[in-house]
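Note sheet for the following structure.
In UniProt numbering, the protein residues as written are 1 to 229.
What follows is the structure, encoded as structure tokens:
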């Protein structure tokens with residue numbers, strides 16, 4: 001079993017980097033964003049370079065990620081794991097904190113040397129007003145390099161991938177599947193991000209899912225597996 005998340009991600013996109021790997025819907029706003037493996041890999045590399053070059057963290061350091069399921073969250077998490085970092089499971093001291101605007105009130109429980117905020121804008125536009133003490137992730141990450149050589153497996157990679165493989169089996173996700181995920185029912189990134197990657201599947205993530213749209217969306221997106229609610 002693979003024990004390196006960055007390698008699993010690279011393997012998932014190696015066959016065809018141009019195919020849709022992660023598609024994001026929010027039925028409350030009407031937004032749809034589709035990322036190919038190559039596009040997501042670009043965001044991941046930029047994030048990892050941001051962490052290493054700007055935040056000056058190294059393998060084994062800890063980050064906090066207060067973000068909901070989202071395509072930008074996928075970039076942040078995969079960037080962290082590429083840099084060999086541990087993503088904290090509970091509040092406490094961390095080297096770097098990533099938080100959504102909606103969760104910024106929780107940031108006080110996560111003392112951090114570097115703090116980045118995400119507006120989760122549909123078009124990844126820069127924030128007009130950045131909260132004091134934070135940097136706008138979207139603005140700063142774009143300045144970083146498009147390529148990053150991942151470090152060896154981070155401290156939690158083996159455990160996370162073992163969980164992801166087990167969840168893929170439990171949820172019936174197999175290689176080549178295109179999986180529709182209700183993010184409200186599956187908020188854990190092991191389910192919505194790592195389980196599909198671990199078996200070579202792609203994901204259609206749906207926030208604020210309108211049940212009446214499931215069947216037509218599944219047809220449009222060529223979904224082969226819809227996770228049970």
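No residue lacks a Cβ here, since even glycine has one placed at the ideal position from N, Cα and C.
Since the model is a prediction, treat every value here as computed from it, not as a measurement.
Going by DSSP in three states, residue 159 sits in which element: helix, strand or coil?
Position 159 of the chain shown, counted from the first residue, corresponds to residue 159. DSSP places residue 159 in the helix class (H, G or I) of the three-state scheme.
Tell me, please, which residues DSSP counts as bridged to residue 34.
Here the question's residue 34 lines up with position 34 in the chain shown. Under the DSSP definition of a beta bridge, residue 34 partners with 23.
Within 9 Å, strictly: CB atoms of residue 65 and residue 87:
Mapped onto the chain shown, residue 65 falls at position 65. Mapped onto the chain shown, residue 87 falls at position 87. Cβ distance < 9 Å, so residue 65 and residue 87 count as in contact.
Leaving out five residues on either side along the sequence, give the residues of the same chain with a beta carbon under 7 Å from the beta carbon of residue 193.
Position 193 of the chain shown holds residue 193. Result list for residue 193: 74 and 77, in chain order.
Quick test of your reading: residue 5 and residue 160, contact by CB under 8 Å. State the CB separation rounded to the nearest angstrom.
Position 5 of the chain shown, counting from 1, holds the residue named residue 5. Position 160 of the chain shown, counting from 1, holds the residue named residue 160. Their Cβ separation, rounded to whole angstroms, is 7 Å, which keeps residue 5 and residue 160 in contact under 8 Å.
If distances are taken between C-alpha atoms only, which option among 128, 181 and 204 comes closest to residue 228?
Counting from 1 along the chain shown, the entry for residue 228 is found at position 228. Among 128, 181 and 204, the Cα nearest to that of residue 228 belongs to 181.
Using only the alpha-carbon positions, how far apart do residue 102 and residue 85 sit?
Here the question's residue 102 lines up with position 102 in the chain shown. Here the question's residue 85 lines up with position 85 in the chain shown. Roughly 24 Å between the two C-alpha positions.
CB contact flag (residue 24, residue 207, <9 Å):
For the purposes of this step, residue 24 is taken as the residue at position 24 of the chain shown. For the purposes of this step, residue 207 is taken as the residue at position 207 of the chain shown. A contact, by the Cβ cut-off of 9 Å.
Nearest candidate by alpha-carbon position, reference residue 226, set 174, 48 and 58
By one-based count along the chain shown, residue 226 stands at place 226. Just measuring C-alpha positions, the residue of 174, 48 and 58 sitting nearest residue 226 is 174.
What is the DSSP secondary structure of residue 123, reduced to helix, strand or coil?
For this step, residue 123 is matched to residue 123 along the chain shown. Residue state, collapsed to three classes: coil.
Please classify residue 39: does DSSP put it in a helix, a strand, or coil?
On the chain shown, residue 39 is found 39 positions in, with the first residue counted as 1. For residue 39, the secondary structure class from DSSP, reduced to helix, strand or coil, is helix.
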